[in-house]
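Chain order of the listed sequences is Y and H. Going by the UniProt record's numbering, the first sequence opens with residue 1, and the numbers climb by one from there. Going by the UniProt record's numbering, the second sequence opens with residue 1, and the numbers climb by one from there. Think of the CB as a built atom: it goes at the ideal place given N, C-alpha and C, for glycine as much as any other residue.
There are 2 protein chains.
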Amino acid sequence: MSAKKTSLKDIAQRAGVSMALVSYVLNGKEKESRVGQEIAGKIKQIAEELHYQPNHLAKSLRSGKTHTIGLIIADISNPFFANIARVVEDEAKRNGYTVIIGSSDENAEKSRDLLNVLINRQVDGFIIVSSEDSAEQVRDLQEKNIPFVLLDRYFPDIQTDFVSTDHYKAAFNAGAHLVKNGYRRIGMIAYDSQLFHMQERIRGYVEALTGNNVPFQKHWLKQIRISTIEQGVKAAIDEMLAMEQPIDSIVFATYSLAISGLKYINELRLNVPTDLAIVSFGQAEAFDLYYCPITYVKQPIGLLGKTAVEFLMKKLKHPQAEPSQILMDAELIIRDSSKTKQLVHT
Amino acid sequence: MSAKKTSLKDIAQRAGVSMALVSYVLNGKEKESRVGQEIAGKIKQIAEELHYQPNHLAKSLRSGKTHTIGLIIADISNPFFANIARVVEDEAKRNGYTVIIGSSDENAEKSRDLLNVLINRQVDGFIIVSSEDSAEQVRDLQEKNIPFVLLDRYFPDIQTDFVSTDHYKAAFNAGAHLVKNGYRRIGMIAYDSQLFHMQERIRGYVEALTGNNVPFQKHWLKQIRISTIEQGVKAAIDEMLAMEQPIDSIVFATYSLAISGLKYINELRLNVPTDLAIVSFGQAEAFDLYYCPITYVKQPIGLLGKTAVEFLMKKLKHPQAEPSQILMDAELIIRDSSKTKQLVHT
DNA sequence: TTTAGTTGCTTAATCGTTTAAGCTGATTAT
DNA sequence: ATAATCAGCTTAAACGATTAAGCAACTAAA
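So, in structure tokens, the structure goes:
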């Protein structure tokens, strides 16, 4: 049977000294606290022998710091977020922090639950990919003075720390790229969401058209309810193709939309890009393996994650500092799914 | 500025009673502890007003239970594991547990680090997807009497709780399916790993051939080092095709191998399934979107995750009980990538 | 009238740390 | 000779909860 875990007390007893001394030594405070060389050595040795491992709970209770951060993401099964999680975890570890991940599944209620659970667990701060209708939660955190950094999605009318891609610019580039390659009837399938990043992607797309002499038509933009992606996307594509002047290309505003869309496009036996050119947000193996590799917006995942952790660390050190905010550029990875339009003779 | 968090003491003071009473009431022990109706009501009300949230650290320190479980998975960027993580998280939450996820990246050292960090944090138990060379770590846990359940991968010569797919049977079915559909030169690309689940997949594949009158040839089996997937897979495929009697079909033993393999097959402009039929382990959008949808082994992710949590809960309640072990059946999802071989006239 | 039992509450130890404050004896300064 | 300084240690409170044990006042039984 396993011996009980060794505590400071055990070491103190063995060494015949008080717990205080042991604590000082094992925290490297021998100098400041004037601990004798000899006894310090002895303590260290005994700690070693007994495989002493400090109890984080007790430490945290005393210090008020858990060295734990809560990461709330919108959907762990989305490879973009899964990879963000990985980066954040690694980076946090490098800073001596542990991460507790929670997936809100794009659901404000679940997100609030997660926040509460993690606040109870005394996490030191949060990194959050906000879900719809969660502005209130963000304000709550501010009122409670709980440090946090918003990741990928932020609220323009709330002053917070955030790290995000420049969604507007990314969408603009995606749209402009299609125009440049000869497409003139460019649709977008997006979520029906008030979240700012989605609005920005839509705005970027619209302005890419209008800014390049392609008058935007309202019915080119389809906004899908997040709860019914599958049917929504099908209906949207059907409509886009049934128009008098059918769409010749689609920008998908997210990875999940693209997956649903491409499946349906396959079902319809449409050819990419001759029947329909495609550009999508998100990135994943699926895009590489598609018979015609998909042009996509590549967000700087590593940098996003690292910077979010960095900002949070800064915030933890200086809670009253001005918010740090940064918008990063996405890269448009150009593949065959959007290649220059071949004019067909009629 | 935020008022300090309210503690039992605050409530006690306001109510003019001792902390003990407050604790009894808020833990629903009013009856056993003979707390007066009146004061109980008052306490509850004050707790409400002050938005009392118990401090988990203190609770845990006292009780020795953190209601936290550590989930160590081999690779969070693999969709199979990401989904497992999601299921485990949900199921744990339903049981009142929080999950701390760590990705070992198939690396024994990282896995050991994670274990140590989480043990320090006093997690109550672990769910582990073991990585190579981590048998020692498993034995350590047993010696320390730390409850854990192995998930997806287990060690046949260590008596532990585990929840796994029947990898042998799954691979056997995959191989037999190819034989049945007319393929006779069936290759396998697997990892060069001693992990039992990989050995079982290989064994299943081999026996599917020999058991169905297709004499297995040693050079049909390629084992790739996990550190060099990309090149390894390319070389393997090259060799398979350069044989005097080239391979006509491949079983990929994991999702990552399949992704690399399919990319290369695309590069080579080979047609699936006419040039090369494919069956793979793992599941993901990529397989659905492939121009010729990929036949794959679908593991019962939801059930695996739920059962792992269930087993761990059981273990936490009855640490000395006999290990619970279960092997679940995978389902072979048959698509076009392995469809009946068309004989070509020579 | 004593005894026993019940009700409603408080006291204080405990979990494993950290750390300010205090104590002792030796050395140095005046 | 006395005071001040310093090195090297100990004491004890605190973090926020839980809970066994005990105490006082009252009721009911003998």
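Note down the Cα distance separating residue i from residue j, rounded to an integer number of angstroms.
| i | j | result |
| --- | --- | --- |
| T274 of chain Y | N213 of chain Y | 22 angstroms |
| E132 of chain Y | G302 of chain H | 26 angstroms |
| N181 of chain Y | R335 of chain Y | 12 angstroms |
| S203 of chain H | G211 of chain H | The question names Ser, yet the displayed sequence has Arg at residue 203 of chain H. So the alpha carbons of these two residues sit roughly 11 angstroms apart. |
| P323 of chain Y | V138 of chain Y | 14 angstroms |
| K59 of chain Y | S7 of chain Y | 12 angstroms |
| S227 of chain Y | E244 of chain Y | 29 angstroms |
| Q299 of chain H | V251 of chain H | 16 angstroms |
| L115 of chain H | Y168 of chain Y | 42 angstroms |
| I72 of chain Y | Y154 of chain Y | 14 angstroms |
| V129 of chain H | H197 of chain H | 11 angstroms |
| R14 of chain Y | E49 of chain Y | 11 angstroms |
| E239 of chain H | T295 of chain Y | 32 angstroms |
| L332 of chain Y | A258 of chain Y | 16 angstroms |
| A108 of chain Y | Q142 of chain H | 41 angstroms |
| I11 of chain H | V17 of chain H | 8 angstroms |
| T340 of chain Y | A208 of chain Y | 17 angstroms |
| F62 of chain Y | P54 of chain H | Position check: residue 62 of chain Y holds Arg in this sequence, whereas Phe was assumed. Their backbone Cα atoms lie some 16 angstroms apart in a straight line. |
| Q231 of chain Y | M328 of chain Y | 33 angstroms |
| Q320 of chain Y | T98 of chain Y | 23 angstroms |
| E136 of chain Y | G28 of chain H | 31 angstroms |
| I265 of chain Y | Y183 of chain Y | 18 angstroms |
| N145 of chain Y | H51 of chain H | 16 angstroms |
| I158 of chain Y | V163 of chain H | 46 angstroms |
Going by CA-CA distance only, name the one from the options that's closest to residue i.
| i | options | result |
| --- | --- | --- |
| K317 of chain H | H:H67, H:I43, H:D113, H:L61 | H:H67 |
| residue 347 of chain H | H:K298, H:S134, H:V88 | Outside the displayed span of chain H (1 to 346) sits residue 347 of chain H, for which this structure offers no information. |
| F81 of chain H | H:I69, H:L151, H:A47, H:V99 | H:L151 |
| I119 of chain Y | Y:I100, Y:I278, Y:Y191, Y:R153 | Y:I100 |
| E200 of chain Y | Y:D105, Y:A176, Y:F172 | Y:F172 |
| L262 of chain Y | H:L289, H:Q325, H:V251, H:Q217 | H:L289 |
| Q122 of chain Y | H:A284, H:D238, H:H56 | H:H56 |
| V206 of chain H | H:L312, H:S111, H:W220, H:S60 | H:W220 |
| A330 of chain H | H:K341, H:F281, H:K42 | H:F281 |
| S337 of chain H | H:Q142, H:D90, H:H177 | H:H177 |
| S104 of chain Y | Y:D90, Y:S77, Y:N95, Y:Y97 | Y:S77 |
| K306 of chain H | H:N95, H:F287, H:K110, H:Y191 | H:N95 |
| P246 of chain H | H:G187, H:F287, H:E285, H:I229 | H:G187 |
| E91 of chain H | H:A321, H:L327, H:M313, H:Q320 | H:M313 |
| F126 of chain Y | Y:M19, Y:E267, Y:G102, Y:Y255 | Y:G102 |
| E267 of chain H | H:I237, H:K65, H:N83 | H:I237 |
| I224 of chain H | H:S256, H:Q217, H:P156 | H:S256 |
| A170 of chain H | H:V25, H:K234, H:T254 | H:T254 |
DSSP on residue i, reduced to helix/strand/coil?
| i | result |
| --- | --- |
| V17 of chain H | coil |
| A258 of chain Y | helix |
| S337 of chain Y | helix |
| K9 of chain H | helix |
| A277 of chain Y | strand |
| Q199 of chain H | helix |
| L114 of chain H | helix |
| M1 of chain Y | A caution first: M1 of chain Y carries a pLDDT of 44, below 50, which makes its placement in the model too unreliable to give a value. |
| G102 of chain Y | strand |
| E331 of chain H | strand |
| L26 of chain H | helix |
| R269 of chain H | coil |
| D133 of chain H | coil |
| L57 of chain Y | helix |
| L343 of chain Y | coil |
The beta strand (DSSP E) with residue i in it runs from where to where?
| i | result |
| --- | --- |
| G187 of chain Y | 186-191 |
| Q325 of chain H | 325-328 |
| L221 of chain Y | 221-224 |
| V123 of chain H | That residue, V123 of chain H, is in no beta strand (DSSP E); it is neither H nor E in DSSP. |
| I73 of chain H | 68-73 |
| S249 of chain H | 249-252 |
| V297 of chain Y | 295-298 |
The alpha helix (DSSP H) with residue i in it runs from where to where?
| i | result |
| --- | --- |
| T307 of chain Y | 301-317 |
| K44 of chain H | 37-49 |
| E230 of chain H | 229-242 |
| E285 of chain Y | 285-289 |
>> In chain order, what are the residue ranges of uninterrupted alpha helix (DSSP H) at least 4 long that sit wholly in the stretch 139-195 of chain H?
In response: 167-180
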